[in-house]
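*Asks:*
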Amino acid sequence: MLDHLMSPIKIRNLELKNRCVIPPMGTNLGNPNGTVTEKNLAYIKRRAETGVGLVITEIVGVHPSGCVGLGIFDDKYIPGLTQMVDAIHSAGSKAALQLHHAGREAPFQLQKGKALGPSAIPSFVYGQPPKEMTKDDIKMIISAFGDAAVRAQAAGADAVEIHGAHGYLLTQFMSVHANQRTDEYGGDFKNRARFVLEVVEEVRKRVGDDYPVLLRISAEEYIKHGYTVDEVLTILPELIGAGVDVLHASVGTHGSPGGITSAPVEYEAGWNIWRAKKIKEAVDIPVIGVGRYTDPREADKAIADGDADMIAFGRQVLADPDFLVKAQEGRYEDIRTCLACNQGCIERLILEMGSSVRCAINPETGQETLVPKGPAENSKDVWVVGAGPAGLTAAYEAAKLGHKVTLFEQSNHLGGQIQFARQAPHKEVYGQWIDWLAAQVKKAGVDVKTGVTVTEDMLKESKPEAVILAIGGRKITPDFQGQDQPTVCDAWQVLNQEVPPGKNAVIVGAGLIGMETADFLVQKGCKVTLLEMLKQSPVLKITGHGYQLHKRMREANVMFLFGAVLAAVDGDKVTLRFDDKEDVLEGVDQVVLAAGMKPREDLKEALMNLGIQHAVVGDAVQVRRIIEATDEGAKAAWAL
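Residue 264 in full-length UniProt numbering sits at position 264 of the sequence shown; the count goes up by one each step and never skips.
(1) Given 8 Å as the limit, is there contact between the region 323-338 and the region 417-425, that is, 3 or more CB pairs closer than that?
(2) Checking the sheet assignment: what are the DSSP bridge partners for Trp383?
(3) Restricting to runs no shorter than 3 residues, where is the beta strand (DSSP E) found entirely within the region 240-265?
(4) Given 8 Å as the limit, is there contact between the region 392-408 and the region 367-376, that is, 3 or more CB pairs closer than that?
(5) Check for me: the beta strand (DSSP E) holding Asn504 runs from which residue to which?
(6) Please report the straight-line C-alpha distance between Lys112 and Ala637, rounded to a whole angstrom.
(7) Would you kindly work out how many angstroms separate the C-alpha atoms of Val522 and Val558, rounded to a whole number?
(8) Go ahead and pull the three-state DSSP assignment for Ile59.
(9) Checking the sheet assignment: what are the DSSP bridge partners for Lys131?
(10) For Val203, which of Ala249, Arg151, Gln328 and Ala595 has the nearest alpha-carbon?
(11) Can you name the residues that DSSP bridges to Glu582?
(12) Look up Gln417 in the DSSP assignment and say whether it is helix, strand or coil.
(13) Would you list the one or two residues that DSSP bridges to Val592?
(14) Does the pairing of the region 224-241 with the region 185-201 give three or more beta-carbon distances under 8 Å?
(15) Within the same chain, show all residues whose beta-carbon is closer than 6 Å to that of Thr450, passing over the 5 residues directly before and after it, in chain order.
(16) For Lys527, list the residues DSSP reports as bridge partners.
(17) Per the DSSP calculation, His163 is bridged to which residue(s)?
(18) My output table needs one value for Gln481: the three-state DSSP class, helix, strand or coil.
(19) Quick check: what's the CA-CA separation for Ile542 versus Gly258?
(20) Given 6 Å as the limit, tell me if Thr450 has its C-beta closer than that to any heavy atom belonging to the ligand GDP.
(21) What are the boundary residues of the alpha helix (DSSP H) that Pro64 is part of?
(22) May I ask you to report which of helix, strand or coil DSSP gives Asp435?
(23) Between the alpha carbons of Pro79 and Ala155, how many angstroms are there, rounded?
(24) Alpha carbon to alpha carbon, what distance is there between Val569 and Gln483?
(25) Do three or more CB pairs link the region 261-280 to the region 168-188 at distances below 8 Å?
(26) Reducing DSSP to helix, strand and coil, say where Pro24 ends up.
(27) Excluding the five sequence neighbours on either side, which residues of its own chain have a C-beta within less than 8 Å of the C-beta of Gln497, listed in chain order?
(28) Judging by CA-CA distance, which residue of Gly241, Val592, Pro24 and Val213 is the nearest neighbour of Asp519?
(29) For Phe173, collect the residues of the same chain with a Cβ closer than 6 Å to its Cβ; drop the 5 residues on either side in sequence, then sort them by chain order.
(30) Should Val385 be labelled buried (16 or more other beta-carbon atoms within 10 Å of its own) or exposed?
(31) Report yes if the CB atom of Ile612 is closer than 7 Å to the CB atom of Val467, and no otherwise.
(32) Which value, in whole angstroms, describes the spacing of the CA atoms of Lys326 and Asp320?
(33) Between which two residues does the alpha helix (DSSP H) harbouring Gln83 extend?
(34) Would Ser65 pass as a contact of Leu116 if the rule is Cβ separation under 7 Å?
(35) Out of curiosity, what's the CA-to-CA distance linking Ala387 and Leu324?
(36) When burial is assigned at 16 or more other CB atoms within 10 Å of the CB, is Lys598 buried or exposed?
Structure, rendered in structure tokens:
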């Protein structure tokens, strides 16, 4: 099994034990000055323990004008980067540092007017123009890449990777959306790629003939009027001649629609591999393929089929840093599979400025220094009340630490809200994850009791030493006339298929619950109108899944009515209230309430009065996402 994936490969004088690669992923775990922290070291070592052949670190900035994370533009960074390399080596993997310049995608430099770009064209992401680079600026940055490569060698890195992907400076030079120069660095694609070529030449010159140099490139810009993979093919001979040893075939920019650089759940495993194959067919050097790979068997097949020479596992390594070990042992059922939800690894870094990397389903990611080492000194009798994501996570983490854990769930199934969410299109993997988590809880020895409602009397009688309250939320029912009409139901009933789909449905609430219920009904052939009291949908189009949801709504001609409140339902008539008017929709055969949830209050006061050590977690605190639920559940267990 996995004979192709686990076979060694040699790059110049560097031999990798297998063809698994961890690609560079931003963490924001470093110090504000770009130096390495203990959190960086713990994080990267845990990733390397996967057993992959090559770990490519997160970006290291080659020049202050384009540094958005760790730095390598000064010798002061070498000691910390040496520690990172040593951490990777200690886990048995080889290490490459990724050399990077953000160009016009450097938000803080943009604010100061110090960001550089090929032309003074605003960033798609930040909307601010950089300073157009002079010829001297170009020479300076090319030299900075060379200096950085020498520092990477000094830090003990086994290779360097030049970042030419995802809309950063090298991609900007290749793109007509960022480069409208009229000199030798502008014009046709080959001229626009000149900067990339000269960076590679400089790095090769500075590191010598035997040192591996990788280039990560967006094989296609994946944006309207952007460059294509066929154009990239035209520059490959020059890039290889300049010194590239490995091509890392990614796709898109941060300005591409739908967050394609970290494809959401709608994309299948290997969706991007055809671009790697097209490049591989044109070159005689190794090519790394990437694109939502979570199962090593699929990666093994890609290599066997000649699609790529190596496969990068990015978000999967955040979700389960032991996935490769488990696969080699044949324990595929124990692998925690990435949801491609992007809540902790992408959206958190982009939308929550200043936040560090996390994983929605692996609370240890980015918090390796907080995780208790070894069993608890005192094993406690712990009750976890509620078996949604927060409760299941709390029970699992507490049991791993050696506590005696009893998990109570008042319904007859485990999983909480995920059991409904899994019914929506493209959300099957969420159901697979919650089933995995429930199975792990039982394997860990948790005593699981379903169909049991915990009461104050039970707490008084049994006196558990600690309680983690994860009872979730309660449905919000809007106030309107006609609540008892037979056409009225809620989103949970629809998703659980307790109520059959209508033919002409009005959904009240255009948040994630409402949007995914609309998605579900549209697939059943239903005409849908979405009501939302806000002026726009709370589901952001900037997120990958949000973009895909809005796209499907648009393609299905779903009508959005913003600033609308449901006033009354009478037969097939639905009355809406806007700020200054009322309107009536007729011919409606289903009204679906999806107005959200609010925290449940059960047992909170009782636990306080009884003086039992307890923590309230997940939606019982505030209704939010999976990432908050699992994080709070885990931390409550770690704090026991």
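Quick reminder that beta carbons are idealized off the backbone N, C-alpha and C, glycines included.
What you are looking at is a predicted structure, and each value in this text was computed from that prediction instead of being measured.
*Replies:* Inspection of the coordinates gives the following:
(1) no
(2) Position 383 of the sequence shown, counted from the start, is the residue given in the question as residue 383. Thr406 and Val467.
(3) 246-250
(4) yes
(5) The count along the sequence shown starts at 1 and reaches residue 504 at position 504. Counting along the chain, the beta strand (DSSP E) containing Asn504 begins and ends at Asn504 to Val508.
(6) As a position in the sequence shown, residue 112 is number 112, starting the count at 1. As a position in the sequence shown, residue 637 is number 637, starting the count at 1. Taking the straight line joining both Cα atoms gives about 44 Å.
(7) Locating residue 522 in the sequence shown gives position 522, where the first residue counts as 1. Locating residue 558 in the sequence shown gives position 558, where the first residue counts as 1. Roughly 8 Å separates the two Cα atoms.
(8) For the purposes of this step, residue 59 is identified with residue 59 of the sequence shown, where counting begins at 1. If DSSP states are grouped into helix, strand and coil, Ile59 belongs with the strands.
(9) The sequence position of residue 131 within the sequence shown is 131, counting from 1. Answer is Leu116, bridged to Lys131.
(10) Working through the sequence shown from its first residue, we reach residue 203 at position 203. Selected option, being the one with the closest Cα: Arg151.
(11) Residue 582 sits at position 582 when you count from the first residue of the sequence shown. Looking at the DSSP assignment, Glu582 forms a beta bridge with Arg577.
(12) Looking up residue 417 in the sequence shown gives position 417. Coil, per DSSP.
(13) By 1-based counting over the sequence shown, the position of residue 592 is 592. Answer is Cys489 and Ile507.
(14) yes
(15) Start at 1 with the first residue of the sequence shown, and residue 450 comes out as number 450. Within the same chain, Thr450 has close Cβ partners Glu409 and Asn412.
(16) Working through the sequence shown from its first residue, we reach residue 527 at position 527. Per DSSP, Asn504.
(17) On the sequence shown, position 163 is the one that residue 163 refers to. DSSP output for His163 lists Arg216 as bridge partner(s).
(18) As a working mapping, residue 481 is identified with position 481 in the sequence shown. It is a strand residue.
(19) Locating residue 542 in the sequence shown gives position 542, where the first residue counts as 1. Locating residue 258 in the sequence shown gives position 258, where the first residue counts as 1. About 7 Å.
(20) This structure does not include the ligand GDP; it has no bound ligands of any sort.
(21) If you number the sequence shown from 1, residue 64 lands on position 64. Here Pro64 belongs to no alpha helix (DSSP H), and DSSP marks it neither H nor E.
(22) Numbered from its first residue, the sequence shown carries residue 435 at position 435. Of the three classes helix, strand and coil, the one that applies to Asp435 here is helix, per DSSP.
(23) As a position in the sequence shown, residue 79 is number 79, starting the count at 1. As a position in the sequence shown, residue 155 is number 155, starting the count at 1. Each residue's Cα considered, the two are about 7 Å apart.
(24) The residue labelled residue 483 in the question sits at position 483 within the sequence shown. The residue labelled residue 569 in the question sits at position 569 within the sequence shown. Answer to the nearest angstrom: the Cα atoms are 7 Å apart.
(25) no
(26) Position 24 of the sequence shown, counted from the start, is the residue given in the question as residue 24. It is coil, neither helix nor strand.
(27) Here residue 497 refers to the residue found at position 497 of the sequence shown. The residues are Gln423.
(28) The sequence position of residue 519 within the sequence shown is 519, counting from 1. The option with the nearest alpha carbon to Asp519 is Val592.
(29) Here residue 173 refers to the residue found at position 173 when the sequence shown is read from its first residue. Excluding residues within five positions, the ones whose Cβ falls inside 6 Å are Pro118, Asn179, Arg192 and Phe195.
(30) The sequence position of residue 385 within the sequence shown is 385, counting from 1. Buried: at least 16 other Cβ atoms inside 10 Å.
(31) Along the sequence shown, one-based indexing puts residue 612 at 612. Along the sequence shown, one-based indexing puts residue 467 at 467. Result yes, Cβ atoms of Ile612 and Val467 sit closer than 7 Å.
(32) As a position in the sequence shown, residue 326 is number 326, starting the count at 1. As a position in the sequence shown, residue 320 is number 320, starting the count at 1. Whole-angstrom Cα-Cα distance: 10 Å.
(33) Stepping through the sequence shown from its first residue, residue 83 is reached at position 83. Here the alpha helix (DSSP H) through Gln83 covers Ile78 to Ser90.
(34) Within the sequence shown, numbered from 1, the residue matching residue 65 stands at position 65. Within the sequence shown, numbered from 1, the residue matching residue 116 stands at position 116. The answer is yes: Cβ separation under 7 Å.
(35) Your numbering for residue 387 matches position 387 in the sequence shown. Your numbering for residue 324 matches position 324 in the sequence shown. If you take the alpha carbons of Ala387 and Leu324, they lie about 28 Å apart.
(36) Counting from one through the sequence shown, the residue named residue 598 turns up at place 598. Exposed.
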